[in-house]
Amino acid sequence: MMMRQILALVLFASLLNVGVAHAQTTAPNSEANAKAAQALENIMARQRGEVVLPSGSDVPAPEGGPLFGPDPGPPNTLGAQSQSDYWRAYRGGDPADVVAAIESGQAMTTTGQQWRLLRENYIRKYAGWFPVGVIGILLVFHLVIGKMTISAGRSGKTLPRFTLTQRVAHWFMACVFILLAFTGLIILLGRLAIAPYLGKEVNSILTSASLQGHNLFGPLFIIALVWMFIKFVRGNFFQLVDFKWIFKLGGLFGGHVSSSQFNFGEKSWFWMVVLIGTVISITGIALEFPWLVADLRLLQLSTILHGVGAVALISVAIGHIYVGTIGMEGSIDSMLKGEVDENWAKEHHDLWYEEVTGKPASEDAS
Amino acid sequence: MSFVEFVEGPLFILASAIFVLGALWRVIGIIRIGRKKDISPPKGSAVMGFVVGNLRHFFPRGIFARRTALHIIAGYGFHLALLVLVLFAAPHIAFIQDRLINVNLPEMPRWGFIVAAEIAFAGLIMLWVRRISDPVMRLISDWDDHIGTWLTFLVMLSGCFALQESQSFLRGLHMLLVDVWLIYFPFSRLMHAFTFFLSRGNTGATYGRKGMNL
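Order-wise, the sequence lines are chains A and B.
First residue of the first sequence? That's 2 in my numbering, and the numbers climb one at a time after it.
First residue of the second sequence? That's 1420 in my numbering, and the numbers climb one at a time after it.
See the structure below:
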């Protein structure tokens, strides 16, 4: 009996102790919750653009500046002393208002983060699929439609199409372009396309090599671009006859389509190379000699334009290589021998044939 | 023995020996063939013709200057720039001093190296694309010409790839290609580096003896 009374007393004392302890812990939690709710409300108010004064302080917040106050806020926060507005403005706001004391007027930029996200989430992620996609389309095209042959067959008679200097300029550009394309793709996509399969060590070696090769061959691309422009600009200006080529998609639909020395596709390719090549050249110079560009954001923009432009050129170049080699009978002769078969000329560049020979293309073709 | 040690050590010594002995064998062999005895009375000096013939061929004839401008410029650019790179590039000087002979060669600045490399690459690529684009050049070219060109190109390219000097494999690859190039050299048209003066001199001596104005 005595034992039972003692046990009951101990149990009661224990329960009493728990109750006191509970009361001791719940009171500060309520206070913390209230502060947290207030802090949240303050944050929301600031986001609405309202000026929030520190609680318990009658000192007004400095206009446009950081908010300081005595309130320590909820645990693990700065509460009213939070300088989130200040840092938000410091990071992305008007630098003149916030960091006017700094000579450059800019202490921190977020463009680097935006650049990184754009590069990682879009360019690196999807860039490789464009050339692969073009190869896939061409493969399907080749399997379904096949090689475009000279319908009248080879005549055995040839016409001079490109001079030796034009051919050398073209192949010089082609060699430099291929080297830059491979090294550039390794630099851009090596971490995604090589490292997981061949290992980081192999990727490291290839990237190191590619970087040096890319930097060395870059200036040669500029020389090749200027040389090619001078040698090929004549005949590459758009004409009215090119519209027919567009509507018939180069002869894929609606039968034969006339064209002069260069058709719309060739002219478009030429101007793509010239214009995108110029952008790639300028951005390449900026990236190779970064001290020439004072603004970091211009360098970030340069990497984006350089990469996107290069991938576009590489993708279209694959199509150009296909049509120039296995895709169309007789095309490669123009750049290897400088001469083309007369029937090829009549079929693909009838206006140019008539201009060069003075004979009508249609009569001879029949 | 690592890959780099092998290609810079035993293989390099073997390749160099083949290069030196093979080149000497070829040059001495050509000289020993001699010339058919010319029994006509000389109208000029064959020796002078040999010298003038060599010097005269350094410049294109006036009527051919325009037609040959492209490969003259590319040829000079490539050969001179390559010579400068081989002798005065800092990594090459370090290698020569370490492995071959302790000679003090002036080091090119980095920008000089880059400019020389650009000229050498541009020249070599132009010479090769002319070889494939010109129907006559294509007809008279065979595998030896293409292999020699491509091997030289790969030696230069691998050297440029190794410029960062952060990967020993790339240095090893460059040296391996140098070794292959040295072994291939005496048995190919790359020998023109040592025989051009003999062919030019032979033509010059023949014409000189006949008293022709070179």
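Positions of the beta carbon are idealized from the N, C-alpha and C atoms, including for glycine.
None of these values were measured; they are calculated from a predicted model.
Proximal residues of chain B, C-beta to C-beta of residue i below 7 Å
i	result
K210 (chain A)	The question names Lys, but residue 210 (chain A) is Ala in the sequence shown. The answer, in chain order, is F1580 and L1589.
R168 (chain A)	S1552
G200 (chain A)	Near G200 (chain A) there are no residues of chain B at all, since even the closest Cβ is about 13 Å away, more than 7 Å.
F173 (chain A)	I1544, M1545 and V1548
Opening and closing residue of the beta strand (DSSP E) in which residue i lies
i	result
L314 (chain A)	From DSSP, L314 (chain A) is part of no beta strand (DSSP E) but of the alpha helix (DSSP H) over L297 to Y323.
E51 (chain A)	Careful: E51 (chain A) lies outside any beta strand (DSSP E) and carries neither H nor E.
T150 (chain A)	Careful: T150 (chain A) lies outside any beta strand (DSSP E) and carries neither H nor E.
T159 (chain A)	T159 to P161
E340 (chain A)	E340 to D342
Whether residue i touches residue j by CB criterion (8 Å)
i	j	result
T1571 (chain B)	L1589 (chain B)	no
R1628 (chain B)	D1457 (chain B)	yes
G1472 (chain B)	R1619 (chain B)	yes
I151 (chain A)	E348 (chain A)	yes
P1525 (chain B)	F1514 (chain B)	no
L160 (chain A)	E343 (chain A)	yes
V309 (chain A)	I124 (chain A)	yes
A311 (chain A)	I281 (chain A)	yes
M1594 (chain B)	F1431 (chain B)	yes
I1533 (chain B)	L217 (chain A)	yes
G129 (chain A)	A194 (chain A)	yes
M336 (chain A)	F163 (chain A)	yes
R168 (chain A)	S1552 (chain B)	yes
A1535 (chain B)	A1500 (chain B)	yes
T304 (chain A)	L293 (chain A)	no
V1505 (chain B)	H1511 (chain B)	yes
G251 (chain A)	N264 (chain A)	yes
L1596 (chain B)	S1577 (chain B)	yes
A1434 (chain B)	D1563 (chain B)	no
Residue i: contacting residues in chain A (beta-carbon distance under 7 Å)
i	result
L1554 (chain B)	The question names Leu, yet the displayed sequence has Pro at residue 1554 (chain B). Per Cβ cutoff of 7 Å: K338.
S1585 (chain B)	S209
L1549 (chain B)	The displayed chain sequence assigns Arg, not Leu, to residue 1549 (chain B). Within 7 Å Cβ-Cβ: V169.
L1489 (chain B)	T166 and V169
Alpha helix (DSSP H) segment containing residue i, residue limits
i	result
D1598 (chain B)	S1587 to Y1603
P1510 (chain B)	A1509 to F1514
N1473 (chain B)	A1465 to R1475
K245 (chain A)	V242 to F248
G1441 (chain B)	P1429 to I1452
P1554 (chain B)	P1554 to I1559
H1611 (chain B)	H1611 to R1628
D1457 (chain B)	D1457 (chain B) -> no alpha helix (DSSP H), and no H or E assigned at all.
F1483 (chain B)	G1481 to A1484
D1563 (chain B)	W1562 to F1580
Q213 (chain A)	K201 to F233
Q114 (chain A)	T112 to L119
G359 (chain A)	No alpha helix (DSSP H) holds G359 (chain A); DSSP gives it neither H nor E.
Per-residue burial, residue i [other beta carbons within 10 Å of its own, 16 or more giving buried]
i	result
A102 (chain A)	Residue confidence for A102 (chain A) is low, a pLDDT of 47 falling below 50, so the modelled location carries little weight; the figure read from the coordinates is stated next. The residue is exposed, with fewer than 16 neighbouring Cβ atoms inside 10 Å.
H350 (chain A)	buried
T326 (chain A)	exposed
R49 (chain A)	exposed
G66 (chain A)	Low local confidence applies: a pLDDT of 48 at G66 (chain A) is under 50, so the model's placement there is unreliable, with the coordinate-based value given in what follows. Per the 10 Å Cβ criterion, exposed.
W172 (chain A)	buried
F1478 (chain B)	exposed
V1439 (chain B)	exposed
M2 (chain A)	For M2 (chain A), the predicted structure reports a pLDDT of 44, less than 50, and the residue's modelled location is therefore unreliable. The matter cannot be settled from this model.
V274 (chain A)	buried
V234 (chain A)	exposed
W353 (chain A)	buried
H1565 (chain B)	exposed
M174 (chain A)	buried
D1561 (chain B)	exposed
R1549 (chain B)	buried
Q262 (chain A)	buried
F239 (chain A)	exposed
Partner residues on chain B for residue i, Cβ-Cβ distance less than 9 Å
i	result
L378 (chain A)	Residue 378 (chain A) is absent from the model: chain A starts at 2 and stops at 367.
Q213 (chain A)	C1579, F1580, A1581, L1582, Q1583 and L1589
S205 (chain A)	S1585 and Q1586
Contact test: residue i Cβ vs the ligand SAH heavy atom, cutoff 7 Å
i	result
I1492 (chain B)	This structure simply doesn't include the ligand SAH, nor any ligand for that matter.
Beta-carbon neighbours of residue i, restricted to chain B and to distances below 8 Å
i	result
L217 (chain A)	I1533, A1536, E1537, F1540, C1579 and L1582
I224 (chain A)	A1541
Do the stretch 202-216 of chain A and the stretch 245-259 of chain A make contact, defined as three or more Cβ pairs closer than 8 Å? The stretch 202-216 of chain A vs the stretch 245-259 of chain A: no contact.
Would you be able to state if there are at least three C-beta pairs under 8 Å between the stretch 1563-1583 of chain B and the stretch 1606-1621 of chain B? yes
At least 3 beta-carbon pairs within less than 8 Å: the stretch 229-246 of chain A vs the stretch 268-279 of chain A: yes
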